[in-house]
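*Asks:*
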Amino acid sequence: MDTIQQECMQILRDEGINPISSIDFDVNGKVHSLSFEYIIETYMQASQESRLVFLSALQKALDAKEMGIEKFFEGMGQLLLMTHLSEKFDIK
Numbered sequence: 000m001d002t003i004q005q006e007c008m009q010i011l012r013d014e015g016i017n018p019i020s021s022i023d024f025d026v027n028g029k030v031h032s033l034s035f036e037y038i039i040e041t042y043m044q045a046s047q048e049s050r051l052v053f054l055s056a057l058q059k060a061l062d063a064k065e066m067g068i069e070k071f072f073e074g075m076g077q078l079l080l081m082t083h084l085s086e087k088f089d090i091k
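Structure below.
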C-alpha cells in the first residue's frame, strides 16, 4: 500500500468509518455494493497525479463539512459504476 492510499485509509479511520463498510448503489433495479476500501484501491490504480487529485478531493470533502466523506465516496463509487457499465456496452 503506497503512502497516498495509507493517507486515504487513515482519513477514514480518523472519521470513524470502517473501510470495509460499503455503499449500496441501485442501477436499474440491481443493487451494487462497493466498500470504501474498494473505491480507494480502484482509484489508487491510476497515475500518480490522479491519486494525488483523489487524496486532495477527499481532504477537501473532509474540510467542507456540508459535503462529508460519505457523499464524496458515493460520488466516486457512482463514477466507478458508470465507467464499468459503459465499458460493457459497445457505443457507436
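Heads up: the sequence shown begins at 0 in numbering that gives the first Met the number 0, then just goes up one per residue. Idealized CB from N, CA, C, for every residue including glycine.
Which whole-angstrom value is the C-beta distance of residue 31 and residue 80, which I expect to be below 8 Å?
*Replies:* The residue you call residue 31 lines up with position 32 of the sequence shown. The residue you call residue 80 lines up with position 81 of the sequence shown. Yes, they are in contact, since the Cβ atoms of residue 31 and residue 80 sit about 6 Å apart, within 8 Å.
*Asks:* Pick from 72, 53, 57, 49: whose alpha carbon is nearest that of residue 19?
*Replies:* Taking the sequence shown and counting its residues from 1, one reaches residue 19 at position 20. That would be 72, whose Cα lies nearest to the Cα of residue 19.
*Asks:* If you run the structure through DSSP and keep just helix, strand and coil, what is residue 23?
*Replies:* Working through the sequence shown from its first residue, we reach residue 23 at position 24. Residue state, collapsed to three classes: strand.
*Asks:* Under the DSSP definition of a beta bridge, which residues are partnered with residue 33?
*Replies:* Translated into the one-based positions of the sequence shown, residue 33 becomes position 34. Answer is 22.
*Asks:* Excluding sequence positions up to five away, which residues of its chain have a Cβ less than 6 Å from the Cβ of residue 36?
*Replies:* Counting from 1 along the sequence shown, the entry for residue 36 is found at position 37. 18, 19, listed in sequence order.
*Asks:* Let me know if residue 100 comes out buried or exposed under the rule of 16 or more other beta-carbons within 10 Å of its beta-carbon.
*Replies:* Not covered by the structure: residue 100. The range shown for the chain is 0 to 91.
*Asks:* In its own chain, which residues sit with a C-beta less than 8 Å from the C-beta of residue 77, not counting the 5 before and 5 after it?
*Replies:* Along the sequence shown, read from residue 1 onward, the residue named residue 77 stands at position 78. So the qualifying residues of the chain are 24.
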